[in-house]
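Have a look at this one:
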């Protein structure tokens, strides 16, 4: 590595940038999996007859944005808005700490 490049990589601005990255963006893979599992467990209790429930952290691991997909008979005959309301009610406490949530619901049965 050239001397110039080494000096550039260790420059004050680069170090300052590294030090100002918010802690929440440095969550580990384990933390992300635990957060996904926590949300999935809540949804499992709220939709016990669901055929499938998928929870994916799409925020890059910081826990600010989730993609949730649920296939359950509880959604049969309900509008999409009402289906999503059931999901958001189940996750009322967790949503307070999120930046966003994408919900896909599919009625079954």
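Numbering (the numbering used here), first residue to last: 49 to 157.
All C-beta atoms, glycine included, are put in the ideal place defined by N, C-alpha and C.
Have a look at the options and flag the residue whose alpha-carbon is nearest the alpha-carbon of residue i.
i	options	result
residue 107	157, 154, 146 and 151	146
residue 159	86, 157 and 156	Given that the chain is displayed from residue 49 to residue 157, the structure contains no residue 159 and the question cannot be resolved.
residue 132	157, 91 and 109	91
residue 144	121, 113 and 89	113
residue 134	95, 89 and 84	95
residue 163	139, 126 and 150	Given a span of 49 to 157 for the chain in the structure shown, any question on residue 163 remains unanswerable.
residue 121	151, 150, 155 and 130	155
Could you check if residue i is buried or exposed, using at least 16 other CB atoms within 10 Å of its CB as the buried criterion?
i	result
residue 128	exposed
residue 153	buried
residue 141	exposed
Can you round the beta-carbon distance between residue i and residue j to whole angstroms, since I take them to be within the 8 angstroms contact cut?
i	j	result
residue 80	residue 105	5 angstroms
residue 100	residue 119	5 angstroms
Verify whether the separation of the beta carbon atoms of residue i and residue j is less than 7 angstroms.
i	j	result
residue 117	residue 102	yes
residue 148	residue 124	no
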